[in-house]
Structures are given as structure tokens and as C-alpha cells.
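Residues in the sequence shown are numbered from 853 upward in steps of one, following the numbering used here. Glycine residues also receive a C-beta, built at the ideal position from the N, C-alpha and C atoms. Since this is a predicted model, take the numbers as computed values, not measurements. Here is the structure we will look at, set down as C-alpha cells.
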Amino acid sequence: MRIVQRWGLVLPVAMALSTAAISATPSVAAAQEVLTTVSDTRIESILGGMGFDYTKVKDGTYKFELNGYKVLLILENSNTDAQLYFALGDVQTTMAKMNEWNKSKRFSRAYMDNDGNPALESDINFDGGVTEENIKTFVKLYRTLMKSFVEHIQS
853 MRIVQRWGLV
863 LPVAMALSTA
873 AISATPSVAA
883 AQEVLTTVSD
893 TRIESILGGM
903 GFDYTKVKDG
913 TYKFELNGYK
923 VLLILENSNT
933 DAQLYFALGD
943 VQTTMAKMNE
953 WNKSKRFSRA
963 YMDNDGNPAL
973 ESDINFDGGV
983 TEENIKTFVK
993 LYRTLMKSFV
1003 EHIQS
């Protein structure tokens, strides 16, 4: 009898607490459009909205400045993914430094470009769906990676 009385008290209290917790939960932000391809017009809107003064090099390719360096944003594979790229011109480094970067860092890859300059790339795939916020975060993360990469190469 005592067990039944305790459960009789516990269940209403638990239900009241869970109702209070649900009503105290912040509302979910407005849903953003999920994109599986990104048009030139959309990427121009995103870059412009982030305050970048970009140049359209050709369809799907844009040049803009991050951290004082020229960066290329390239839409590829029928606009289902994008790549950010920059290289440090006239800077000497070693393959050991490049390998160290690739072993210790995520979300990018470093290599020597055709001119022997250290280059940094990063990719985002749109196939599973992305929002404009995902693309903005991709660019912001690349900016942070670039700063670390320059420091790494110059150290």
C-alpha cells in the first residue's frame, strides 16, 4: 500500500516538472532553407551579406580578401560543393611543416602548389543539404584556419 501511495505522489510531481521544463525551453529559431546546390546568385548574396567585396573571376569562381590575402571560392560539381583556396606567394617552407599541418589540423589540407608555394584548401559538400548559415560558418572557419596556417608556415 505504501508503494502505491508513493507512486501516486511521484507521478503527478514528475509530470508537473516535465511540463515546466518544456515550457521553459527556448523556442527553436526559424527554419532556414536547406540547399543541395548553390547558384552563383546565391553565393554572391552570401558573400555580399558577409561584407566581402568580391570579384567574379568566371562562372562559379569568386575572388575576395581574407586576413589580407586573396582567396578563391570555387563552386564545383554542378554547384553541389565549394572549395576555398589561397597560397602564400614567395614563401619558402618544408614538406615536414606541411605534413605537420595536415597531421595536426582538421577541416583543411595544405600542400605545395605548382609554383612551390604553400597552399591551403577547404571543401564543403552541399549534397546532404546546407543552409546559408552553414556556408557562412565555412568561410569564417577558413578565415581562422588561414590565420593559423600563416603563423605555422612563418614560425
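Asked: For Tyr914, write down the residues that DSSP places opposite it in a beta bridge.; Found: Lys908, Leu925
Asked: Cβ of Lys949 within 8 Å of Cβ of Phe938?; Found: no
Asked: May I ask you to verify whether the stretch 972 to 982 touches the stretch 923 to 938, counting CB pairs closer than 8 Å and requiring at least 3?; Found: yes
Asked: Quick check on this structure: which residue in Gly981, Leu918, Thr932 has the alpha carbon closest to the alpha carbon of Gly912?; Found: Thr932
Asked: State yes or no: is the C-beta of Val982 within less than 8 Å of the C-beta of Met902?; Found: no
Asked: Mind checking whether Ile898 and Leu927 have CB atoms under 8 Å apart?; Found: no
Asked: Mapping DSSP to helix, strand and coil, what is Asp933?; Found: strand
Asked: Which residue or residues does DSSP assign as beta-bridge partners of Ile976?; Found: Ala934
Asked: Nearest CA to the CA of Phe1001: which residue from Asp967, Phe959, Asp979?; Found: Phe959
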